[in-house]
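Peer 1: Please read through the structure below; I'll follow up with questions.
2 protein chains.
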Amino acid sequence: MKKVAIGVDIGGTNTAIGVVDDLGNVMVKDNIITPSHGDIDRYIDDLSVAIKELIKSVKLLNADIEILGIGIGAPNGNYYTGTIEYAPNLSFRGVVHLVKLLKIKFPELQAIALTNDANAAAIGEMIYGGAKGMKNFVMYTLGTGVGSGVVVNGDLVYGADGFAGECGHTTLIPGGRLCGCGALGHLEAYCSAPGMKRTAFELMVKYNATDSLLADKSFNELDSKMIFDAAEKGDKVANEVFEMTGKWLGQGFADTVHHLSPEAIFLFGGPTAAGDYIFKPTKESMEHHLLPIFQNKIKILPSELRPGDAAIVGASALVYKELEK
Amino acid sequence: MKKVAIGVDIGGTNTAIGVVDDLGNVMVKDNIITPSHGDIDRYIDDLSVAIKELIKSVKLLNADIEILGIGIGAPNGNYYTGTIEYAPNLSFRGVVHLVKLLKIKFPELQAIALTNDANAAAIGEMIYGGAKGMKNFVMYTLGTGVGSGVVVNGDLVYGADGFAGECGHTTLIPGGRLCGCGALGHLEAYCSAPGMKRTAFELMVKYNATDSLLADKSFNELDSKMIFDAAEKGDKVANEVFEMTGKWLGQGFADTVHHLSPEAIFLFGGPTAAGDYIFKPTKESMEHHLLPIFQNKIKILPSELRPGDAAIVGASALVYKELEK
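Chain order of the listed sequences is L and F.
Quick note on the numbering used here: the first sequence kicks off at 1 and runs consecutively.
Quick note on the numbering used here: the second sequence kicks off at 326 and runs consecutively.
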């Protein structure tokens, strides 16, 4: 009998659902709209129907399938309580008892668990990806924001309240750029995809770089992919964006190492497609900021989760960690 | 039968040794010189003799005593390997196999273990002090340097290589003050006792504060106790030193919270005697730097270990963690 887990990734606009096999391959998947109506009961109804349909369709492919459970990644997802708490980008108000409500819909499943998306990605890396066999590592996810998941002694660190691993909100430059959270100088304001865009404009301002390949794009048009393309064409501003981003990210990584001494730090997300453009300056900066006892020990590795499916796959991996207990 | 543990604290000039009961009280203690001759075998001989004498004297007090083991706190002490590695302030060269050598001298003991002094303090807090029953907390030790010990899920975090918990060397201000480790802008350069002295002189320079109670002390004379005394007398510079130190420490604590979401952060060391002068601005700054999901949740607490004995007591606590396994 083939054992599979269901992964659910709740985003601000879409909820992605997939059935994932024990190697981390998505067998079937679907999307529903994450509603703006704020009615959690209606959403749970819709989500349950979609999950049941997917289970039906995967059993058509292979009748000999056992569903182990459901893992969910969601903003402000609290593992301990199974709740989503005050998530700024979701319409549900206050504290939403997601796991409890899903357990009523799926009483037959052994494991239903919830955490935030970056924590789910870290567990996905540990169960299916490049962190297999690693006991101490950290995952940084670069996207609209910067998320992170911390693994110590083989377990994800949830901390006292379930919300550990918000390394994107460590202070990189006191009094620096405004972060999405309202504070100043956070790593996320420098190293996220929008952070890279801000750096590009900062550099165009500094050099009055009218000849940059990025100079014809508006503040709302420019994205990190365009910066990468320009860097490959030798654009000075674009290249310096990657150098600066790496410098900042490496400073943040060193802070993480000084806390946790991980075996590796994994990088996930759009900007990592730039390869050495981002990995090389990040590594150099991290080494520069490390105490001698940590130098040349910590690997910086690209995530081995496939970009399109990583959120679903990561969320599904939660099920395996639950069943270990 | 009364069970006791031996704690050894290896400092740059002195090695303190004590027999500690299961409540964390030091029953008997002694000191030997940490040698400058660099000969580890001679040092192990001296240390073993001193430990055996202490065991003899404690058995004279109470014949019904069982020695559970020896716990050692030492700079750059590596728990995994039982070695001291390239400790800048000790005369031993390279990697010293301290635990292995002590096991030869004390083959009858169940547990002999080593870590660095701040990690030992964290374990001491967990076994005997204010962190009893806490599963997730962090210990910061303020002294000549700033050390730290991280506890996750009830276990000290050693990380991949045994050296986790060097939070004093996170970057607080990029390009800022020179740290003892040679890097720039580390927390230790601002929040250690010498860091506070540097802040006092920075402020006297800024205000040309010839009327400050600190203005008649040389750079080498001024210490954190004098700053506290001046603050109590209403000295403006001294008060601002505590405000600034708290501001910086709170920024660092917030970074720690964003990594680990601890239940509490404990503060240990000389400057903590200043009480609210240091705790209040630290708490305010930490809250200011925290994401809303963490605000008003994390306690900042003074260590409950007695200052004079804390290093010995902390080291002895390692023995209990060893025996748990």
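Where a beta carbon is used, it is the ideal one built from N, C-alpha and C, also for glycine.
Bear in mind that the values here come from a model prediction, so they are computed numbers and not experimental data.
Please list the partners that Phe-294 (chain L) has in chain F, where partner means a Cβ-to-Cβ separation under 7 Å.
Peer 2: Phe-488
Peer 1: Please classify Pro-107 (chain L) as buried or exposed, where buried requires at least 16 neighbouring CB atoms within 10 angstroms.
Peer 2: Taking all protein chains shown into account, Pro-107 (chain L) has fewer than 16 neighbouring C-beta atoms within 10 Å of its C-beta and is therefore exposed.
Peer 1: May I have the straight-line CA-CA distance separating Val-351 (chain F) from Ile-390 (chain F), to the nearest angstrom?
Peer 2: 14 Å
Peer 1: Considering only their Cβ atoms, is the gap separating Phe-593 (chain F) from Leu-630 (chain F) smaller than 8 Å?
Peer 2: yes
Peer 1: Just to confirm, are Tyr-128 (chain L) and Leu-249 (chain L) a CB contact at a threshold of 8 Å?
Peer 2: Contact: no.
Peer 1: Would you list, in chain order, the members of the region 583-597 of chain F that have their beta-carbon closer than 9 Å to a beta-carbon of chain L?
Peer 2: His-583, His-584, Leu-585, Ser-586, Pro-587, Glu-588, Ala-589
Peer 1: Alpha carbon to alpha carbon, how far is Ser-628 (chain F) from Glu-450 (chain F)?
Peer 2: 7 Å
Peer 1: Would you mind stating whether Leu-427 (chain F) and Ile-369 (chain F) have Cβ atoms separated by less than 8 Å?
Peer 2: yes
Peer 1: Run through chain F and tell me which residues come within less than 7 Å of Thr-256 (chain L), C-beta to C-beta.
Peer 2: His-584
Peer 1: Which residues in chain L sit within 7 Å of Asn-478 (chain F), going by Cβ to Cβ distance?
Peer 2: Asp-155
Peer 1: Residues in the same chain with beta-carbon distance under 6 Å from Val-19 (chain L), minus the five sequence neighbours each way, listed in chain order, please.
Peer 2: Val-4, Ile-6, Met-27, Val-28, Leu-54, Val-58
Peer 1: Can you list, in chain order, the residues of the region 170-200 of chain L whose Cβ is nearer than 8 Å to any Cβ on chain F?
Peer 2: Thr-170, Thr-171, Leu-172, Ile-173, Pro-174, Cys-181, Ala-183
Peer 1: Quick one: which chain F residues come within Cβ less than 7 Å of Lys-297 (chain L)?
Peer 2: Asp-486
Peer 1: Within 8 Å of any Cβ in chain F, is that where the Cβ of Asn-119 (chain L) sits?
Peer 2: no
Peer 1: For a contact defined as C-beta to C-beta under 7 Å, what are the partners of Gln-251 (chain L) on chain F?
Peer 2: Thr-496, Pro-499
Peer 1: For Lys-280 (chain L), name the three-state secondary structure that DSSP assigns.
Peer 2: helix
Peer 1: Compare the Cα-Cα distances from Lys-135 (chain L) to each of L:Leu-260, L:Asp-39, L:Gly-234, L:Gly-145 and report the closest residue.
Peer 2: L:Leu-260
Peer 1: In the structure shown, what three-state DSSP assignment does Met-464 (chain F) receive?
Peer 2: strand
Peer 1: Distance check for Gly-474 (chain F) and Gly-639 (chain F), CA to CA, integer angstroms please.
Peer 2: 11 Å
Peer 1: At 4 residues or longer, what runs of the alpha helix (DSSP H) sit wholly inside the region 458-544 of chain F?
Peer 2: 513-516, 518-532
Peer 1: Just the chain F side, please: which residues come within less than 9 Å of Glu-322 (chain L) by C-beta, in chain order?
Peer 2: Simply none; closest approach about 16 Å.
Peer 1: Mind checking Glu-232 (chain L): buried by the 16 CB within 10 Å criterion, or exposed?
Peer 2: With fewer than 16 Cβ atoms within 10 Å of its Cβ, Glu-232 (chain L) is classed as exposed.
Peer 1: Could you tell me whether any Cβ in chain L is nearer than 8 Å to the Cβ of Asn-414 (chain F)?
Peer 2: no
Peer 1: Note down, in chain order, all residues in the region 120-144 of chain L with a beta-carbon under 9 Å from any beta-carbon belonging to chain F.
Peer 2: Met-134, Lys-135, Asn-136, Phe-137, Val-138
Peer 1: What residue range is occupied by the uninterrupted alpha helix (DSSP H) comprising Ile-448 (chain F)?
Peer 2: Looking at the DSSP string, the run of the alpha helix (DSSP H) that includes Ile-448 (chain F) is 442-452.
Peer 1: How long is the line joining the alpha carbons of Cys-504 (chain F) and Gly-510 (chain F), rounded to whole angstroms?
Peer 2: Cys-504 (chain F) and Gly-510 (chain F): Cα-Cα distance of roughly 7 Å.
Peer 1: Pick helix, strand or coil for Thr-340 (chain F), following the three-state DSSP scheme.
Peer 2: strand
Peer 1: Any contact of the region 79-99 of chain L with the region 273-284 of chain L, i.e. 3+ C-beta pairs under 8 Å?
Peer 2: Because the criterion of three Cβ pairs below 8 Å is not met, the region 79-99 of chain L and the region 273-284 of chain L do not touch.
Peer 1: Taking the C-alpha atoms as reference points, what is the distance between Thr-496 (chain F) and Phe-92 (chain L)?
Peer 2: Rounded to whole angstroms, Thr-496 (chain F) to Phe-92 (chain L) spans 37 Å at the Cα level.
Peer 1: Closer than 7 Å by C-beta to His-97 (chain L): which residues in its own chain qualify, once you throw out the five before and the five after it? Chain order, please.
Peer 2: Answer for His-97 (chain L): Gly-82, Thr-83, listed in chain order.
Peer 1: Relative to the C-alpha of Gly-71 (chain L), which candidate in L:Asp-117, L:Asp-41, L:Pro-35 has its C-alpha closest?
Peer 2: L:Asp-117
Peer 1: How would you label Ser-36 (chain L), buried or exposed, when you count the other beta carbons within 10 angstroms and need 16 or more for buried?
Peer 2: By the neighbour-count rule (16 or more Cβ atoms within 10 Å), Ser-36 (chain L) is not buried but exposed.
Peer 1: In chain F, which residues lie less than 7 Å from Leu-291 (chain L) when you measure between Cβ atoms?
Peer 2: Glu-491, His-494, Cys-506
Peer 1: So who's on the other strand from Phe-266 (chain L), going by DSSP bridges?
Peer 2: DSSP output for Phe-266 (chain L) lists L:Met-139, L:Leu-301 as bridge partner(s).
Peer 1: Just to check my reading of the structure: Ala-555 (chain F) and Leu-538 (chain F) have Cβ atoms closer than 8 Å, yes? What is that Cβ distance to the nearest angstrom?
Peer 2: The C-beta separation of Ala-555 (chain F) from Leu-538 (chain F) comes to about 4 Å, placing the pair in contact by the 8 Å criterion.
Peer 1: Check each candidate in F:Pro-596, F:Thr-340, F:Glu-588, F:Asp-548 and name the one with the smallest Cα separation from Ser-373 (chain F).
Peer 2: F:Thr-340
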